[in-house]
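Participant: Structure below; questions to follow.
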Ligand code: ATP
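Now the structure itself:
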């Protein structure tokens, strides 16, 4: 096992800047996720760590040693990239055993069988060991590719979207399995690339959120959720997404108030680094809203804004109701039974809990203040 440190990575492909000053450290045994949309630079970062891509600037340290001049196969990092390449003519067992037969490991037959069997068991593919990989589904193949990485004792595992090709049900099951493996049986340092925020929140000890080659925040799941560094990070987590409302701060009795540009949304906002008159943007998560139909009591400390149902979207047991409030739209989740009585155009109230509302500087990626 090893700690990994990435310092000031810069990588451009022609005119495209893939990475800009990317820095983070992964502690020994930590499960670290790189999360971001397509093109954010996740794979490029992982390839720089692996030594498969050379950055123009910056360094990678493994256990304090600068590995810049060390070839990929001597870094002792086990990698699984999205485009998994298995040996089509070999069985599942032989595919998984192949890394253990390299000169670096040279385990005897029993040790190989034991190791491969154990990992296959963990990944739920023990019954497939004798099959040819050409007889497997994509999901099974992906698990074999992951198994081939995990069998090998390594300084760290570098995993690029290892669950990407699984269907939703298997993905959820494998996520739970990986979590058990990562935090239980194998506590090997892991850098895990994903664009799925649920995967990142449920698997990671810490998450680096990337966009356009830049890290916006590195934090624990609780930190990126509760204290997002900026509005990009805030919208990267949660479904339905956080809703943003633009406006400014005005004086209030005890705390300043946020008032939206059209005056339709007013919320007290305490403890922000801004003054009355400043333009800001607030972020309100659907789960922090309660929908009311008709006059109803509003709990102390909460505020109610008035709007009209814009659209209803059924999501199984819950329904996402988008409510137009002045010139902005706020989403709220309601139980299906409550939504059954609603139609577009109905007048409704939204009760906002001001406590978890985030305040940002204006703009797409404004810093949280
Ligand atoms: P995805 O989730 O789609 O895999 P990503 O976050 O892993 O995206 P990267 O693959 O690291 O993103 O790509 C970052 C940027 O660098 C993108 O704009 C991509 O088009 C560009 N890029 C990556 N590899 C190359 C390459 N070999 N040649 C040219 N451009 C590249």
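In this note's numbering, the protein residues as written are 3 to 371. Glycine residues also receive a C-beta, built at the ideal position from the N, C-alpha and C atoms.
In terms of alpha-carbon separation, which member of 218, 185, 217 and 214 lies closest to residue 204?
Facilitator: With distances taken between Cα atoms, residue 204 lies closest to 185.
Participant: Looking only at its chain, what residues have a beta carbon closer than 7 Å to the beta carbon of residue 324, apart from the 5 residues adjacent to it on each side?
Facilitator: 312, 313, 331 and 333
Participant: Tell me the rounded alpha-carbon separation between residue 228 and residue 347.
Facilitator: 33 Å
Participant: Kindly list the residues whose CB is nearer than 8 Å to the CB of residue 179, restricted to its own chain and excluding five residues on each side of it in sequence; keep chain order.
Facilitator: 124, 125 and 126
Participant: Taking 7 Å as the cut-off, is the C-beta of residue 20 nearer than that to any heavy atom in the ligand ATP?
Facilitator: It does: the Cβ of residue 20 is within 7 Å (strictly closer) of some heavy atom of the ligand ATP.
Participant: Are residue 80 and residue 154 touching if we call contact CB-CB under 8 Å?
Facilitator: For residue 80 and residue 154, yes; Cβs fall inside 8 Å.
Participant: Indicate the three-state DSSP secondary structure (helix, strand or coil) for residue 278 in the structure shown.
Facilitator: coil
Participant: What are the start and end residues of the beta strand (DSSP E) that includes residue 194?
Facilitator: 191-196
Participant: Which of helix, strand or coil does DSSP assign to residue 257?
Facilitator: coil
Participant: DSSP three-state call for residue 323: helix, strand or coil?
Facilitator: strand
Participant: Tell me, please, which residues DSSP counts as bridged to residue 337.
Facilitator: 320
Participant: Comparing the CB of residue 197 with every heavy atom of the ligand ATP, is any distance shorter than 7 Å?
Facilitator: yes
Participant: Going by the DSSP bridge assignment, what does residue 213 pair with across the sheet?
Facilitator: Answer by DSSP bridge pairing, in chain order: 216.
Participant: Taking the alpha-carbon positions, what's the residue 340 to residue 75 distance?
Facilitator: Looking at the two C-alpha atoms, the distance is approximately 58 Å.
Participant: Provide the residue span of the beta strand (DSSP E) that contains residue 199, from first to last.
Facilitator: Where residue 199 is concerned, there is no enclosing beta strand (DSSP E), although the alpha helix (DSSP H) it sits in stretches over 199-205.
Participant: Taking the beta carbon of residue 150 as the centre, do at least 16 other beta carbons fall within 10 Å, making it buried, or is it exposed?
Facilitator: So residue 150 counts as buried.
Participant: Cβ of residue 193 within 8 Å of Cβ of residue 147?
Facilitator: no
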